[in-house]
Structure formats: C-alpha cells, structure tokens
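The number in our numbering is simply the position in the sequence shown, starting from 1, with 43 added.
Inspection log for the structure reproduced underneath, given as structure tokens.
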Amino acid sequence: MLILGIESSCDDTALALLKADEFGPRLLAEHVSSQVNLHIPYGGVVPELAAREHLRALPYLFSKVLQDGGVSQEEIDLIAVTRGPGLKGCLLMGIGFAKGLAVVLGKPVIGVHHIEGHILAPMLESGEGRHGASKPLDFPYLGVCVSGGHTEIHLVEGVGKYSLLSRTIDDAAGEAFDKSAYLLGYAYPGGAALAKVADDARVKFRDRKVQFQLPKVMTESDDFSFSGLKTAISLLVRRQSKGKNSVGVPVIDETLRQELAQVIQESIVGAIAEKVRKAVTRTGVTSVALTGGVSANSRLREVIAGLDRIQLSVVSKVHCTDNAAMIAYVGWKRYNMDGGTSLAFEPLPYWLLEDVGRR
Ligand code: KG4
Ligand code: ZN
Numbered sequence: 044m045l046i047l048g049i050e051s052s053c054d055d056t057a058l059a060l061l062k063a064d065e066f067g068p069r070l071l072a073e074h075v076s077s078q079v080n081l082h083i084p085y086g087g088v089v090p091e092l093a094a095r096e097h098l099r100a101l102p103y104l105f106s107k108v109l110q111d112g113g114v115s116q117e118e119i120d121l122i123a124v125t126r127g128p129g130l131k132g133c134l135l136m137g138i139g140f141a142k143g144l145a146v147v148l149g150k151p152v153i154g155v156h157h158i159e160g161h162i163l164a165p166m167l168e169s170g171e172g173r174h175g176a177s178k179p180l181d182f183p184y185l186g187v188c189v190s191g192g193h194t195e196i197h198l199v200e201g202v203g204k205y206s207l208l209s210r211t212i213d214d215a216a217g218e219a220f221d222k223s224a225y226l227l228g229y230a231y232p233g234g235a236a237l238a239k240v241a242d243d244a245r246v247k248f249r250d251r252k253v254q255f256q257l258p259k260v261m262t263e264s265d266d267f268s269f270s271g272l273k274t275a276i277s278l279l280v281r282r283q284s285k286g287k288n289s290v291g292v293p294v295i296d297e298t299l300r301q302e303l304a305q306v307i308q309e310s311i312v313g314a315i316a317e318k319v320r321k322a323v324t325r326t327g328v329t330s331v332a333l334t335g336g337v338s339a340n341s342r343l344r345e346v347i348a349g350l351d352r353i354q355l356s357v358v359s360k361v362h363c364t365d366n367a368a369m370i371a372y373v374g375w376k377r378y379n380m381d382g383g384t385s386l387a388f389e390p391l392p393y394w395l396l397e398d399v400g401r402r
C-alpha cells in the first residue's frame, strides 16, 4: 500500500510517501519546507501568511516526493492529512489539497491527529519499521511530545491506546524557550540559540553558583505551566537592563545574558524531567520516547536519560519536528484499524487526542 502523508498544521509544509508491505512501513520520499524565515520579522507565526505559503508549497512538494519516490500519482492508495490540532487556515490548505487529490485519483483520504503522529513517530523509525532501525522500541512507552505548540506526556500502550498523563495548561515548552529567548534579545524562534548559549554557560560557570533563581514550574501538579516563568524572566531582565534597543528589547550585560540563559534552560528542562519522573512512578513504564522540536535540546536529553531506571529513545531530527512521514504512518495504521473513510470532514483546530475516534 502506498500512502501519501500531508502536514500543514503550523509553519512547516511537509509531504511524504510511505510504502507499507508485509515487512512494515518504508519511507520512499519526504520533504519539509520550513517557513521560519517568512515569520522572523513578526517574532512569531502569522496565521494568514502561513496558510498562503502552504498553498504555494503543497503542489510543488507533491511533485518533488513523486519524483524522489519514483512513483506516479495513480499509484497512491491512501491519502493521510493532518486534521488537527493546529491553525485553522493552515489545516484547511492541507485538507483541501488532500480532498482534491482524493477526488481526482478516486482514492480514500483520512484525517490524522497531529499529536498521535508525534507520539507514534518513534515506531516509524525503530518499532516494526525496517528502515533506520537503531534500537527497537516496544509498547508500552511514555510518549513525551515537547514542541513549539505542544507539551504532553502520554502513556502509549499501542496504536489508539493512549492515556494522557500530563499537558501544559498555557505555553508549550518550545514557546517558553522562544519567549524567554526573545526577552534576552534572540530572534524568533530563539530556543536553539538560547540553548547554545546556556550550554556554553554551563561550561564557563561550572565552578560558580549562578546568582539567579527562577520559580519552580508547577511542582505539585502533574501538568505544566510556563507562563509564570516568562513573567519572572521578564521582570528579572527589566530590573537588570541598561535601557532598550531600537525595537524595544531590554539591553543587558553579556555575562548576565549567559547566566540567565543557563537558569532558563535548567528551569524548563527541570520541569519536563520532573513530569517525566512522575509519569514513570505513576505508570511503572520506564521506556521514554522524546519527540517534538525541543527534543533537540541536548541538556534535556542528558537530564532525562539520567533519571533513575529510564531507557530513552530520541527520534531523528527530521521526525521529531513536524513532518509528514508520521502522518502517513498514523493514517495507514488508522485506516487498517478503523476502515472506511469519508470526504466529509472539517479541520479541528483544538482537537484533543482523547477525542480521536469520537468525531
Ligand atoms: O516541533 P517543532 O519543530 O515545531 C512546532 O511545534 O512548531 O518545534 C519547534 C520548537 C521551537 O519552539 C524551537 O525554538 C524549539 O522547538 N527548539 C529548541 C531547540 N531546537 C528547537 N528548544 C530548545 N532547545 C533546542 N535545542
Ligand atoms: Zn508538531
């Protein structure tokens, strides 16, 4: 079976072709077109611009995956597209493209939950899949999705068998990194830049106790909240700043910026690690799969891998960030499980994973 995956829920347009046979799924081709440069001047994703860019990129990426995969569009058996959660206008572009193709080709189309894609992405790489299998990952595991838009921990006992253990009640972990980075003067999305400075600072200030303390992130709850952290950093930066630059960002001393980057990273990483530790204690499951853009953070990997009894799997960079291979994979699994598809589905911008199968 040849599955076309389409992802357009936020600021990445992605298409992938997955071939599934008796040996499992095999990726024939995939492409991701990032819109980061388009949104940098605005300091965040502008939904209307993002939707327009998806519309431009979809046909072009479609031809590219067909060419790279060495297949014709008539060979596609199933079209899987992200139905939600995400930005409505962006989801509509992917869904519209998928439905149009389904009508033209006379093939079924299935709407996929984006977070289900993220938490099953490890299976695409190392479970039953024969491509790129480094170490096998078996159910059950804790699917930790930490990205720019989502922060959720699920107990994953099989395809469609998920229990939510923890979720953010406000900002996502990547958003906390990006907003903090902005306050320190780094361009959007500043998470990786802040992490780099923080890692250097850990080495530089190794023997010295950093003088700042940030509030602990919701230690008593199973859920995350990062908005208090953002307020604390904003106050700290304002108090320590020597005025503002031309775009209104407070100017701070370089050593201070490095120290702050370090405490911010420790605070966000510490919060995620603490919820993972709680999830392990609660479920007894010690296999942890980290997905989402923030899983690129090396300090996060180090701290989680250092937790008692944990076996950590990290998905490759292309499959931990937004991609269409994970959507094709879930589409294939769900099509086999649930059967029939219909063209009559709308985007669900606020869809919860617990509600999959209810609509
Ligand atoms: O999954 P992803 O590519 O897409 C969205 O959810 O949109 O995640 C992107 C997020 C951004 O917030 C980015 O700053 C963050 O992942 N990120 C990082 C690192 N690399 C990317 N955050 C912390 N440390 C990193 N090394
Ligand atoms: Zn995502």
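Cβ coordinates follow ideal geometry from the N, Cα and C atoms, glycine included.
A quick note: this is a predicted structure, and the numbers were derived from the prediction, not measured.
Only residues of its own chain outside the window of five on either side were considered, and among them I162, G186, Y205, L207 have a CB closer than 6 angstroms to the CB of H197, listed in chain order.
Along the length of the region 142-220, whole alpha helix (DSSP H) runs at least 4 residues long occupy 157-169, reported in chain order. Looking at L104, Y103, V290, A244, the one whose alpha-carbon comes closest to that of L299 is A244. Taking a 10 Å sphere around the C-beta of D351, we find fewer than 16 other C-beta atoms and assign the residue as exposed. For the region 49-107, the continuous alpha helix (DSSP H) assignments of 4+ residues that do not extend past its boundaries occur at 79-82, in sequence order. One thing to note: F388 has its Cβ no nearer than 8 angstroms to the Cβ of G129. S190 is the residue among S190, K247, L71 whose C-alpha sits nearest the C-alpha of G160. Contact between G139 and P392 is absent: CB atoms are separated by about 15 angstroms, not below the 8 angstroms threshold. With respect to the 8 angstroms criterion, I315 and L343 are classified as neighbours on the basis of their beta carbons. Secondary-structure assignment with DSSP links Q354 through a beta bridge to S330. By the Cβ test, the region 249-265 is in contact with the region 306-324, since at least three Cβ pairs between them sit closer than 8 angstroms. The beta carbon of A145 sits closer than 6 angstroms to those of I122, V152, all from its chain and outside the five residues before and after it, given in chain order. Near ligand 2, meaning a Cβ closer than 5 angstroms to any of its heavy atoms, lie the following residues in chain order: S190, D365. Listed in chain order, the beta strand (DSSP E) runs fully inside the region 338-383 are 354-357, counting runs of at least 3 residues.
Separation of V358 and P165 (C-alpha to C-alpha, rounded to the nearest whole angstrom) is 6 angstroms. Look at C53: its beta carbon is less than 7 angstroms from one of the heavy atoms in ligand 1. The beta-carbon separation of D54 and V79, rounded to 7 angstroms, stays under the 8 angstroms limit for a contact. In the DSSP assignment, L121 falls within the beta strand (DSSP E) that extends over 121-127. When K247, A216, V246 are compared, the shortest CA-CA separation from P232 is found for A216.
Distances from the CB of V358 to the heavy atoms of ligand 1 are all 7 angstroms or more.
In the three-state reduction of the DSSP assignment, K287 falls in the strand class, which pools E and B. Beyond the five residues adjoining it in sequence on each side, T364 comes within less than 6 angstroms, by CB distance, of G336 in the same chain, given in chain order. In this structure, ligand 1 has a non-hydrogen atom nearer than 7 angstroms to the beta-carbon of A235. For E168, the Cβ stays outside the 7 angstroms cut-off from all heavy atoms of ligand 1. In this structure F255 does not touch A219 by the C-beta definition: roughly 16 angstroms separates them, more than the 8 angstroms allowed.
Around the beta carbon of M136, 16 or more other beta carbons lie within 10 angstroms, which makes this residue buried.
In this structure, the CA atom of S51 is about 9 angstroms from the CA atom of L58. Measuring C-alpha to C-alpha distances from L71 to each of T274, A367, T384, L98 identifies A367 as the nearest. For R249, no alpha helix (DSSP H) segment is defined, and its DSSP state is neither H nor E. DSSP places F267 in the strand class (E or B) of the three-state scheme. Bridge pairing for P390: absent [DSSP]. Look at V337: its beta carbon is less than 7 angstroms from one of the heavy atoms in ligand 1. Note on R99: under 16 other CB atoms within 10 angstroms of its CB, so exposed under the neighbour-count rule. Looking at the DSSP output, L45 bridges to K62. Remark: the C-beta of N340 is in contact range of ligand 1, defined as less than 7 angstroms to any heavy atom. Take T329, set aside five residues on each side of it, and the residues of its chain with a beta-carbon closer than 8 angstroms to its own are V323, R352, I353, Q354, in chain order.
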